[in-house]
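Okay, structure first, notes after.
As structure tokens, this is what we get:
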């Protein structure tokens, strides 16, 4: 029985390592696809109403609600109005958003949305941690029975 516990703990450690490696690989692929390399967190500090321009001004709603975002990039505070054309605004006051910004011009940014690949990366990371912890628990049971 002791050898089976030893083998099980080894398998759990290896599977945990595989899950961690998969999480790192997916993270690498996500970063390669991102338009900007700077990462920070923005906060919605205000909601403003603006007139729509062009063909959008002919719609039922002649204006749009825009979120004013505040974030630190390259050591400076930036305050920008989001360009999302929506009514009502998809964000709420005080909401925190992950963004990627252009390191050469921090006023250029993209809001990071949760998508399948980001969720998959989190599942791999959590699975890796749980498998390693399970491997530790099984190994401790093995060591206790052996000693």
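In this note's numbering, the protein residues as written are 13 to 159.
Quick reminder that beta carbons are idealized off the backbone N, C-alpha and C, glycines included.
Backbone secondary structure at residue i - three-state DSSP
i, result
"residue 107", "coil"
"residue 48", "coil"
"residue 124", "coil"
"residue 131", "helix"
"residue 82", "strand"
"residue 91", "strand"
Exposed unless 16 or more other CB atoms sit within 10 angstroms - verdict on residue i
i, result
"residue 122", "exposed"
"residue 94", "buried"
"residue 33", "exposed"
"residue 24", "buried"
"residue 154", "buried"
"residue 85", "buried"
"residue 143", "buried"
"residue 111", "buried"
Residues sharing a beta bridge with residue i, DSSP
i, result
"residue 148", "In DSSP, residue 148 forms no bridge with anything."
"residue 60", "78"
"residue 55", "82 and 108"
"residue 113", "50 and 121"
For residue i, the first and last residue of its enclosing beta strand (DSSP E)
i, result
"residue 99", "Unbroken run through residue 99: none, as it is neither H nor E."
Interface flag, residue i vs chain C, CB-CB below 8 Å
i, result
"residue 79", "Absence of chain C from the displayed structure is noted, only one protein chain being present."
Distance cut-off 7 Å: residue i Cβ against heavy atoms of the ligand FMN
i, result
"residue 15", "Among the ligands in the structure shown, none appear at all, so the ligand FMN cannot be discussed."
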